[in-house]
Structure formats: C-alpha cells, structure tokens
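A short worksheet on the structure shown next.
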Amino acid sequence: MGTPHDCGAYSVERMMEDMYDYDSGYSEGEEEPSSDEAGMDFLDGECTTRTHHAQPTRWLLIDAKKLLQVQEEALASVMAILGCSRSTARSLLMHFRWNTETLFGMMAERGLDDLYRAARITSRSAKTPLAPCDAAELACAACLCDVARPDATQMACGHAFCNDCWRQHLAVQISEGRSRRLVCMGVRCGAVCDEEQVRQLLAGEAALLARYERSLLESYVEDNAMTRWCPSVPHCGNAVRVDGEPHCEPECSCGVRFCFSCTEEPHSPCTCEMWKRWKVKCHDDSETKNWLTANTKACPKCGKPVEKNGGCNLVVCMCGQAFCWLCGESTGREHTWTSISGHSCGRYSEETSARVDEAQRNVKRYTHYHLRREAHMSSQKLEAPVKAKLQASIDKLEKNQSTLKDYSWLSTALEQLFHVRRILGYSYVFAFYMFGNDMFREEVTPAQNALNQNLFEDQQQQLEGEVERLSMMTEMTPDRIMEAEDALRLDVINSTVNIDTRLVRLYELLENDLLGALTLGCHYISPYKGQSQLRSGGGVHGLSTAAVGGSLEFPGLGTGAGPSGDGDPTRPASPPVQAATAAGVARAAARAVPRQTQGLGQGSTGSGHRERAALVPGSPSKRMRHDPR
Amino acid sequence: MAGGQLPRRIIKETSRLMSEPAPGISAHPSEDNLRYFNVMILGPQQSPYEGGIFKLELFLPEDYPMAAPKVRFLTKIYHPNIDKLGRICLDILKDKWSPALQIRTVLISIQALLSAPNPDDPLAENVARHWKDNEAEAVATAKEWTRMYASQ
Ligand SMILES: [Zn+2]
Ligand SMILES: [Zn+2]
Ligand SMILES: [Zn+2]
Ligand SMILES: [Zn+2]
Ligand SMILES: [Zn+2]
Ligand SMILES: [Zn+2]
Ligand SMILES: [Zn+2]
Chain A
1 MGTPHDCGAY
11 SVERMMEDMY
21 DYDSGYSEGE
31 EEPSSDEAGM
41 DFLDGECTTR
51 THHAQPTRWL
61 LIDAKKLLQV
71 QEEALASVMA
81 ILGCSRSTAR
91 SLLMHFRWNT
101 ETLFGMMAER
111 GLDDLYRAAR
121 ITSRSAKTPL
131 APCDAAELAC
141 AACLCDVARP
151 DATQMACGHA
161 FCNDCWRQHL
171 AVQISEGRSR
181 RLVCMGVRCG
191 AVCDEEQVRQ
201 LLAGEAALLA
211 RYERSLLESY
221 VEDNAMTRWC
231 PSVPHCGNAV
241 RVDGEPHCEP
251 ECSCGVRFCF
261 SCTEEPHSPC
271 TCEMWKRWKV
281 KCHDDSETKN
291 WLTANTKACP
301 KCGKPVEKNG
311 GCNLVVCMCG
321 QAFCWLCGES
331 TGREHTWTSI
341 SGHSCGRYSE
351 ETSARVDEAQ
361 RNVKRYTHYH
371 LRREAHMSSQ
381 KLEAPVKAKL
391 QASIDKLEKN
401 QSTLKDYSWL
411 STALEQLFHV
421 RRILGYSYVF
431 AFYMFGNDMF
441 REEVTPAQNA
451 LNQNLFEDQQ
461 QQLEGEVERL
471 SMMTEMTPDR
481 IMEAEDALRL
491 DVINSTVNID
501 TRLVRLYELL
511 ENDLLGALTL
521 GCHYISPYKG
531 QSQLRSGGGV
541 HGLSTAAVGG
551 SLEFPGLGTG
561 AGPSGDGDPT
571 RPASPPVQAA
581 TAAGVARAAA
591 RAVPRQTQGL
601 GQGSTGSGHR
611 ERAALVPGSP
621 SKRMRHDPR
Chain B
1 MAGGQLPRRI
11 IKETSRLMSE
21 PAPGISAHPS
31 EDNLRYFNVM
41 ILGPQQSPYE
51 GGIFKLELFL
61 PEDYPMAAPK
71 VRFLTKIYHP
81 NIDKLGRICL
91 DILKDKWSPA
101 LQIRTVLISI
111 QALLSAPNPD
121 DPLAENVARH
131 WKDNEAEAVA
141 TAKEWTRMYA
151 SQ
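Chains as they are written, first to last, in full-length UniProt numbering: chain A, 1 to 629; chain B, 1 to 152.
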C-alpha cells in the first residue's frame, strides 16, 4: 500500500465492515422479500465512486408479485391526487411512461385539461351521453339490433352498445395486442374503456381476461423508461427498475447481471457504444478469435503447448521454463508476484509496429487488446472453480470448527478477484476504442491521447500486478486455509483493499479525465461500486442510500493494515488471529448496534443483512459468536 | 360468429343498401360470396372525377363489424390518397374504424374523398407532390385519367 489516499480509508472501513457483518447466518433464499415495506427493498447497489455521479444509483428487482405491487402504488398515487378512475390513471401513466414525477410536474405546470389532452384521454365532460339511460331498449349501432337495457353497457364517454358487441370488439382488440388501449366502439370516440367494465364484460372469457390482465401488468415494464426485463434466456420473469442513473449493472436474482442501458452483458468500464462495436468486430473476426481463444500457449523454450491451469498468469512448462501467459515471454524462475507486477507486457508499444502499414497495424492492435482481454476472461473462468471449492471449504470450516475463526477475508478476496478480472478484461476493450484514434479523433489531439494512454496504462498495469499477486496468494488448497498464517491473511486483506482503491482511482481517471473531458456527445460507463457491490444479491432489504459517515474509525486501518486494529501490520508476528479478530469485531459491533436499533430510515450504512440479523433474536450471527469476554 | 352463417347485421345492411341506395353509389353482393360486394361510385360533381364511373370491390372480413371492411378501387384513378393498386388512405378504414360505421357510411366517405383530395396525407407520394406543386396540372391529369379509364 502506498500513501494513504483520501478515499482509501473509506474503502478499508467499508471492507472491514462488510467482512465482519457479512455472514449473518442467512442465505439469500431464506430471506424471501416480504411485501411489508412497499417498494423499499432496493438492492444495495449504490454508487460509491464519488465522481460525477452525484445521485446514487439504486435498483429494484421486480418479480411477478412485486410487479403488481409497484404498479398498484403508482396507480394509487395518481388516482388519489387526480381523483380519477383507474383506467384514466393507467392511461396517464402509460403516456408518461410510468414516471409519476413528470406526470405530476406537467399537471402542476399546465393543468389537468392539458394533461388529459396530452395523454389523449377523452374526459367525460367533453361528451354528452348518446343513449338515454332510462329507455327500456337500446338500438345497438354495431349489430343493428334492439336489446334490453340490462344486456347493454354504456362507457364513461356515453356510448352504449350491446354486451355481445362489446365482447366481440374487446376480443378482437385484445387478440390484436391492443389490450393497453382498449377504446370505445363509438365513431371517432377513442375514449379508453374503463377497466372494471372490461372485466365485467369479459367475466366469462377467462383466457381473454388473463391476456388482458397480463398485458396491463407488463405495461409497467414495457412502457417504462426506467424499467427493463432481465435479459435471461429462458426468461426468469423478473424485471429491474432503476432509480437515478440509468448507467449501472444490476444483478437479477436469477444470477444474470446486465448493463441496464443496453441490456447486454455487463461491460463496464467500456461504454455501450464501445461494447457494441467490439462485438461486431469480434463477430467479423471470428476466425482470429478462435485461434486466439485457444487454451494453450507454446513454451518459449521447448515449444510444447502449455495449458494454463490456474488463474495466475505465470505458467511453468514441464521443462521447467516459466513464462508469462500474457505475452508468452520467458521469465525467470524467481518470477514472483512482485516481478509480475513490474512486468510491462500489458503495455502495447506503438513504435514496434510503426513500420507496418495501417491495415496490418489495426489487426495487430486489435489482436493485442483481444489477447489481453481473453487472458483475463480465461483467468476468471479458471479461478471460478477454485473459488467455488474454497468457498465450500470455508463454509464447512465455519460450520464445524469448534474454535471459531473468521474466513471472510478470503471470501471477500475471491469475490474481489472475480469482479476485477472482468473489469480488467473490459478495460482492454475500453482502451482499444479510447486510444484508437478513431472514435474520438475529433476531440483528442494525438499528443493528449498519448498522454492519456500512458496514464491509463500505468494504472491498469499496477492494478494487474496487484491482481496477479492476489490470484497467486489465494491459490491455496482447502486444508491450507486452516493453518493460514496471520501474515498471509494480512497480505490478502491488504491486496484486496489495494485493488479496491486502485479500481476507484482507475474509474476516476476514466470517468473524469478521459470520458469526462470529451465535449462532443456524452459517454457514460457504469460506475465502479466498490466492495459494496460484491454482495448486492437479491433479497436485501433496507434503504441504504446514505454514504458511510466519516466518523467511523478503525484505528490503524487507514493505511491498509489488517483487521488487527492495534497491531503493527508490518510486523510479521502480529497477535494471534483469534484475539485480533475479536477486538476488531467488538469495535464493529459497538458501532453497528445503535444504528440497528434506530431502524431503517436512519441513514444506515450498509446491507440489510446486518439489520436483519439484529432484528431476529437468537440469530447465529458472527458478531455474537465472536463475543470477546 | 359461426363460420358460414351470415350475421344478422350483414343481412340487414345488405337489404337496406339495396332498398335505399345512397345517391351516386351502388353496392351489390356477389352471388357466390355474400361478403363480397361489387361497388360503383359516380365521380362527384365539380370534382376532376365528374362523369366517371368508378368500380370498387368491398369485402367484409370474418370479424366484421369489429374489423373494418376491405375496400379497393378497381378502376385506375389519379388521386393523392389512392395508390396504383387502388388502395385507399382513409382513416375510418384503419385505426379510426368503429363498429358503428356501416358499408354505406364507408362508401359515402370514399365518395367525399373524391371531392376533397388531401395531398397532406398521401398514399401515392408522387401524385401528392404533383398536387401540391401544380394543382391545376394535377387536376388536368385526374380529368384525363377519368376520361381514359372511368368512362363507359
Ligand atoms: Zn350489438
Ligand atoms: Zn365512446
Ligand atoms: Zn433474471
Ligand atoms: Zn451497455
Ligand atoms: Zn518447455
Ligand atoms: Zn499461479
Ligand atoms: Zn508478460
């Protein structure tokens, strides 16, 4: 860890908190989101990058049950404020894409009449009833029959037709997919039929009615600018609503994470446009890609294909030659994490290819970035089973061990590794377009571009070094976890925090200095959410928009030391793990408890896991188990 | 609505069309398909179509009257809202259809469209442009076509 960074301390605190309060003994599955707090269970997806995103981004996972609920809320608020019917409220909301703020804003500004006119709603006052209601019979203008009054229905606009004709009309409209705007049969009337009347008319037609209801319900997602269906295939049935910045990468409870803006796979830090271009490019170059994604590389010494068998980019051939997976260059046997972090192969040198012509240069350039990206993606894939295995043994250890130990440092590190690999992978796509002198040719001078690229690559490289270091350290067998020494534990924690800090800095550079400096058009990326995003899984309750207060303290941790608050992080023989952890937890608990008792609205800092744990008496929370006597 | 059986409404409409025809309009169901009508509309007075006799076909789809009838000109006509296949751009035949409208009202509306072409909502793009750029010349062409194609 370098010098204390102004926001580095924040990350440490945040991370330590998460570490200790993570396992409250509740799996996500048990935490079935109840509908008690209507619309309140926003996932903990707040933006903590503190860059140009002033508003924290929150998202709400909407499943079938929730869909009904959130829609009802919107309808109820409009009905209450405007004193209008449900149909009218719905038509208005559809017109304003379910944004009540714009709706009420327009009403305040222009009045009710204009509001109705804008949504093309015929208010009742505009029409006079055409058929006198007291007549015993009605001449239906659709079937040209006289029908008894009870067999006819008059809509709010005044038009009356026989029920058979209404039913036929509604059936045609619904089957043609016009459920969301079922209009009156009257000549040039266009008034939207009242929902309750539609339901009454279709009472005997279950299939039709179901289709109508489903379509109305889905309108909340499909006619809503801030809501998208989860792009999972086959579809999980969920949708995600975002409050605030639409540039984020929510994760559905089905496990699919996606870019909210373009519904493609998450691709931060590259922009949607960059990712779109990259995908087209990859598709065009599928031949090259096949070759590139091969899982083996020739040993620089003996030429035999060597398979990568771990996440770390240092591979060792059977002949004993060690080499770097990224560039294929041989490295010394003493290739450790420190020398990998100093390894400069991530830097693509333009000079080396100065002589080749433009087209060839482009292919080479693309190949370079593609390779780097693939390297991280394959590392991530290789690390996944390692991670799963380790996590399983951690869970087992925590369950069975009589002497309690805290292994969240390892879980957190593995999570971090998984996320940072992805970010690094996409950062090469970003770099390919950002510095490619193509997308931003008009806006960035070559000199500035070179400067930017240097800045970026420096940070990227440092980050990569740290990632390889962490990858190597966490490549341990399950039985080694138990005897993991304090020094290793601290190293892992430091590395995790270090990566978090570097990521925050990298995103600051991207958002503020690179993309933020562009003047033509806007280019947004999903912000880095820090450690908090790692566990923003489904079912988390609680309003957690408030930032972490500056008053929180972990003495000695601001410089990135381990959890042994009072211990000197540089001293290898730090106090026994057990005691150190207990001390840290005691402090964490002391801070956490008052907040919990204050309830949800009190600017709590973090995940609902914590609150939930405290609210359920006798929950096997780590805090209680660690209680220091 | 049962398949082959003709709804009461169509029977009623047909008999009324025959007994009280609208001026300048005739509509007769085909003998082998009672949903298919042979229509003739006289070009309205003081319109470029005056003196012409325009043949149309009208078909009542299965969903009629919940769905609009399908109408098409069979006689070639130079009109900004009628394309070269005889298809007509008229809102009541599309999204503004109402089951309370009838064959008679549709045909009267088409007749009115001949009196008042609307080049701002064109179906035949080039005819509409002609109409807007040089109405006198466009009207002359319409008259010429009426003479050439719509005269007995
Ligand atoms: Zn009727
Ligand atoms: Zn009406
Ligand atoms: Zn999903
Ligand atoms: Zn995107
Ligand atoms: Zn070898
Ligand atoms: Zn390794
Ligand atoms: Zn290398």
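Every residue gets a Cβ at the ideal spot worked out from N, C-alpha and C, and that includes glycine.
- Cα atoms of G105(A) and L201(A): separation of roughly 35 Å, rounded to the nearest angstrom.
- Using a CB distance cut-off of 8 Å, P119(B) does not count as an interface residue toward chain A.
- Proximity of the segment 491-507 of chain A to the segment 246-253 of chain A falls short of the contact definition, fewer than three beta-carbon pairs being nearer than 8 Å.
- Here the distance from the Cβ of C189(A) to the nearest heavy atom of ligand 4 is not below 7 Å.
- Segment contact: the segment 454-468 of chain A against the segment 508-527 of chain A, three or more CB-CB distances shorter than 8 Å; contact assigned.
- With 6 Å as the limit between CB and the heavy atoms of ligand 3, the residues that fall short of it are C230(A), S232(A), C236(A), N238(A), C252(A), C254(A) and V256(A).
- With a cutoff of 8 Å on beta-carbon distance, L82(A) and A119(A) are scored as not near each other.
- Boundaries of the alpha helix (DSSP H) harbouring N498(A): D486 to E508, taken from the DSSP string.
- Between A27(B) and L34(B), the gap from beta carbon to beta carbon reaches 8 Å or more.
- P29(B) carries a strand assignment under DSSP once its states are collapsed to helix, strand and coil.
- Contact note: P65(B) reaches chain A through A142, using a C-beta cutoff of 7 Å and chain order.
- Taking 7 Å as the upper bound on Cβ-Cβ separation, chain B lies near residues C165, Q168, H169 and V172 of the segment 155-181 of chain A.
- Relative to the Cα of N163(A), the nearest Cα in the group R421(A), H235(A) and E205(A) belongs to E205(A).
- The count of Cβ pairs closer than 8 Å, one atom from the segment 372-379 of chain A and one from the segment 420-440 of chain A, reaches three, so the stretches are in contact.
- Not flagged as an interface residue toward chain B: M94(A), since no C-beta distance is shorter than 8 Å.
- Setting aside the 5 residues that flank it on each side, Y369(A) is surrounded in the same chain by Y348, Y428, V429, A431 and F432, each with a C-beta closer than 8 Å to its C-beta; the list follows chain order.
- Within chain A, the residues placing a beta-carbon under 7 Å from that of A100(B) are A141, A142, M185, G186 and V187, ordered along the chain.
- Taken in chain order, the whole alpha helix (DSSP H) runs of length 4 or more contained in the segment 75-150 of chain A are 86-95, 100-110 and 112-118.
- Out of K96(B), G52(B), P119(B) and D95(B), the CA that lies nearest to the CA of I82(B) is found in P119(B).
- For M107(A) and W98(A), the gap between their C-alpha atoms comes out near 15 Å.
- Distances from the alpha-carbon of A100(B) to those of M185(A), S77(A) and R86(A) put M185(A) closest.
- Under a criterion of Cβ atoms nearer than 8 Å, no residue of chain B is adjacent to C193(A); the nearest Cβ is some 13 Å distant.
- At least one CB atom of chain A sits nearer than 8 Å to the CB of R9(B).
- At a beta-carbon threshold of 9 Å, the residues of chain B lying near C145(A) are R8, R9 and K12, ordered along the chain.
- The straight-line gap separating the alpha-carbon atoms of V198(A) and L170(A) is approximately 8 Å.
- When Cβ pairs closer than 8 Å are counted between the two stretches, the segment 176-196 of chain A is seen to touch the segment 83-102 of chain B, the count reaching three or more.
- Between R72(B) and L56(B) a beta carbon distance of about 6 Å is seen, short of the 8 Å cut, so the two are scored as contacting.
- Listed in chain order, the positions of the segment 65-79 of chain B with a beta carbon within less than 9 Å of a beta carbon of chain A are P65, M66 and A67.
- Going by C-alpha positions, D406(A) is about 58 Å away from R178(A).
- Placement of the Cβ of S427(A) at a distance of 7 Å or more from every heavy atom of ligand 4 is found.
- For V39(B), the enclosing beta strand (DSSP E) stretches over residues Y36 to L42.
- Contact between V39(B) and H79(B) is ruled out by a C-beta separation of about 16 Å, above the 8 Å threshold.
- With at least 16 other beta carbons inside 10 angstroms of its own, E464(A) counts as buried.
- The beta-carbon of K96(B) is placed less than 8 Å from the nearest beta-carbon of chain A.
- Between F260(A) and V240(A), the C-beta gap is smaller than 8 Å, which places the two residues in contact.
- In this structure, ligand 2 has a non-hydrogen atom nearer than 7 Å to the beta-carbon of G186(A).
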